[in-house]
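In this note's numbering, the protein residues as written are 241 to 1066.
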């Protein structure tokens, strides 16, 4: 089916996986290509796409889960993070109802890594390491893989998992491929139509003396979505010492337009029988236009539900456009030299977030308003105070104008050597290599304030708000009042920073096969040089702060893969990983006002985790697999926010970040997938997929108790860790029809520790159940009609304070429906 020339040309992994896929998935093959080319397959339908992904998962030496582009197209997922939420052990954090950040096995998004075509992806957001994967459209992907156990030849910077994003390649398909799709979406909350368009193509060409030795693949994806949400939140402003009374709360109405543009262009070239080259490029832009109207109610005295009293009211307008860009370039290849395989790669990637102008306008009542209050502690409903709806009662307090620019760049150079050999008559391999990485992240913020005279009467606007009376909003025309403004030197300076992290790595690993047992072991070294610059403020006096330090880590790994039977594999792994703290925690910035202070902590140590994994997988026919894995993580140096006033005489509060002594996490991951082909037609087209992950964790934090005059400790779960996550997918395909109903469940998790001393004020995100439906109908062999229904049951976002009945945030988004056409030529 294939010959040595193509394998030695550098595409052996793709070739072998595709070859096995042909036999494994039993899908239709096109007409046979020339003898020196792989006979690839046309993958159609849910079962075939699941089979294709299972081939990669089954052949891997480590524990991983893969989803292919064909399977991604079967579900109504707009971006990469939403596609990943369907996989076992993976859950997502949403923003305005859309998936954004990815959690793996209960670990927060900042503790996981993401690569695009093998290149580490930096983070566009100013204070985080987590990659906002909603920036990348799902239409440009060839596959997504979540690697849950690291091998020594991989970067060790993920405690939960590494998300590998692979874009299209011409050698992943047979001959000429073309696809064109268009969709129109409707969101029930904003009553607007949102368009989406995508096009992708690939082909193989003969250059020079070669035969189909050049592959070119590319694609463009564009979408514009209008959405909105209605929100009511307390932010945890409860006084539980005064009879569960509320100090303040907010109403928020969002009108949002999001636009995604993604482009990929990839080249693969077989230079000779022994050398192959590739160039992978990806550019993605995500623009978020947000207009937020808000009412802020501050009670003179904390009040319980149903009580009425005096209240101060402020109205706020936030108007901003934010753009996030991610670019990735990977140039590399493979060369066969005698008995050695040499892999080389140079990569450059950037991520940025720019807000050229953000306007925050605040109007306040001149006097307190009487007879105000609220009902319902879970979803606070305003009892409108007297004069609340009269725009003449509100005067302009301030307009804050800001602009910000964050850029994160990473450059990688990597060289690997591999040799296949025999050790005591056992097939074996040895692999070693080195990598150099340079990462630079910079943030710049400028802030001005304006205080012109105006009342809301001249700048009022109507607001469509569904969670109670809202009164007049603020028109965006208030921006016409902007003048020169007063530059806020301190507020601007303490937001500015620059950080560099240079990493050098080297590793040695090997494999040996003892009949049905494969042993993979090795050792990785990583050294990091950290440099940071920030600003401090003491009573309005600004100073420049610098810090640098170095770290060295030795990271062993052992993987065992045992073939219990032809389709049954047992796996075990013992690994070590290391992750730097998030940027917000590491900044050498501080602010001192009176007897209160906040300090970043650049001396924080990296988080280290010793990991144990054990599990079994059984593959069973068409789209069939059942698996069970247990995992355990012993984590050192997790960071948390605490009060260190005891170390600073004369201060009542000193907030800073500190390393915890340790944390432990363990869990169970179960997955099942199968097509019920034994049923009589037409029921033999039914598919069932389910996965569930159970996780538990514990960690200790401490803080200074001023009343007791001593340090106090308490136990928490790790932030972002859900006890239970899961998916249930019911699919059906018969002749030209394909349907898929997917339910996703994410259990409650600790979002934020508001008070290190009092668990009553911990903020939790409530459990979330979302139901999505997609349908495909082939009008012809190449043209299909598509339908999607997202968040069918209108599941809201809810966060609470301490106990479920006390609101921290409630937000509604409404369901979204899409109708489209897709033309695909294989």
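Where a beta carbon is used, it is the ideal one built from N, C-alpha and C, also for glycine. Values in this document were obtained by computation on a predicted structure and should not be read as measured data.
Residue range of the beta strand (DSSP E) that includes residue i
| i | result |
| --- | --- |
| residue 496 | 485-510 |
| residue 576 | 548-577 |
| residue 733 | Not the beta strand (DSSP E): residue 733 falls in the alpha helix (DSSP H), residues 729-733. |
| residue 418 | 417-427 |
| residue 662 | 634-663 |
| residue 931 | 926-945 |
| residue 345 | Here residue 345 belongs to no beta strand (DSSP E), and DSSP marks it neither H nor E. |
| residue 383 | 381-387 |
| residue 851 | 847-859 |
| residue 611 | 609-615 |
| residue 1024 | 1023-1030 |
| residue 869 | 865-876 |
| residue 785 | 781-805 |
| residue 587 | 580-605 |
Top-ranked residue by Cα proximity to residue i, from the options
| i | options | result |
| --- | --- | --- |
| residue 812 | 822, 758, 827 | 758 |
| residue 594 | 642, 900, 636 | 642 |
| residue 730 | 680, 651, 620, 833 | 833 |
| residue 673 | 587, 583, 535, 689 | 583 |
| residue 629 | 708, 549, 1059, 658 | 708 |
| residue 717 | 916, 741, 694 | 694 |
| residue 487 | 481, 539, 475, 410 | 539 |
| residue 882 | 480, 856, 837 | 837 |
| residue 473 | 537, 997, 317 | 537 |
| residue 450 | 974, 1053, 872, 509 | 509 |
| residue 490 | 1035, 619, 778, 971 | 619 |
| residue 646 | 624, 676, 658, 596 | 596 |
| residue 1025 | 1031, 947, 1017 | 1017 |
| residue 797 | 751, 512, 1028 | 751 |
| residue 692 | 720, 850, 710, 671 | 720 |
| residue 608 | 601, 559, 548, 569 | 548 |
| residue 712 | 899, 371, 634, 330 | 634 |
Residue i CB to nearest heavy atom of the ligand COA below 8 Å
| i | result |
| --- | --- |
| residue 838 | The ligand COA is not part of the structure shown, which contains no ligands of any sort. |
Integer-rounded CB distance, given that residue j should sit under 8 Å from residue i
| i | j | result |
| --- | --- | --- |
| residue 297 | residue 308 | Going by Cβ atoms, the distance from residue 297 to residue 308 rounds to 11 Å, so no, they are not a contact pair. |
| residue 969 | residue 980 | 6 Å |
| residue 762 | residue 392 | 4 Å |
| residue 791 | residue 774 | Between residue 774 and residue 791 the Cβ distance is about 19 Å, and since that is not below 8 Å, they are no contact. |
| residue 527 | residue 561 | 7 Å |
| residue 992 | residue 1003 | 4 Å |
| residue 853 | residue 389 | 5 Å |
| residue 644 | residue 680 | About 17 Å separates the two Cβ atoms, so there is no contact after all. |
| residue 468 | residue 495 | 5 Å |
| residue 1005 | residue 965 | Not quite, the Cβ-Cβ distance comes to about 12 Å (not below 8 Å), so this is no contact. |
| residue 459 | residue 438 | 7 Å |
| residue 1057 | residue 1028 | 7 Å |
Short Cβ contact (9 Å threshold) for residue i with residue j
| i | j | result |
| --- | --- | --- |
| residue 961 | residue 984 | no |
| residue 398 | residue 387 | yes |
| residue 381 | residue 407 | yes |
| residue 765 | residue 793 | yes |
| residue 461 | residue 362 | no |
| residue 690 | residue 735 | no |
| residue 799 | residue 302 | yes |
| residue 866 | residue 913 | yes |
| residue 937 | residue 910 | no |
| residue 706 | residue 739 | no |
| residue 587 | residue 781 | no |
| residue 401 | residue 334 | no |
| residue 880 | residue 939 | yes |
| residue 505 | residue 457 | yes |
| residue 817 | residue 844 | no |
| residue 565 | residue 375 | yes |
| residue 931 | residue 967 | yes |
| residue 455 | residue 409 | yes |
Start and end residues, alpha helix (DSSP H) containing residue i
| i | result |
| --- | --- |
| residue 892 | Careful: residue 892 lies outside any alpha helix (DSSP H) and carries neither H nor E. |
| residue 826 | 823-826 |
| residue 322 | 320-324 |
Inter-stretch contact (C-beta, 8 Å, three-pair minimum) for the stretch 570-579 and the stretch 512-525: The stretch 570-579 vs the stretch 512-525: in contact.
Validate contact between the stretch 606-622 and the stretch 538-553 using beta carbons, cut 8 Å, 3 pairs: Contact between the stretch 606-622 and the stretch 538-553 is present, with at least three C-beta pairs closer than 8 Å.
Inter-stretch contact (C-beta, 8 Å, three-pair minimum) for the stretch 778-791 and the stretch 694-704: no
Contact between the stretch 335-347 and the stretch 413-421 (3+ Cβ pairs under 8 Å): no
Inter-stretch contact at 8 Å, needing at least 3 Cβ pairs: the stretch 322-333 / the stretch 551-571: no
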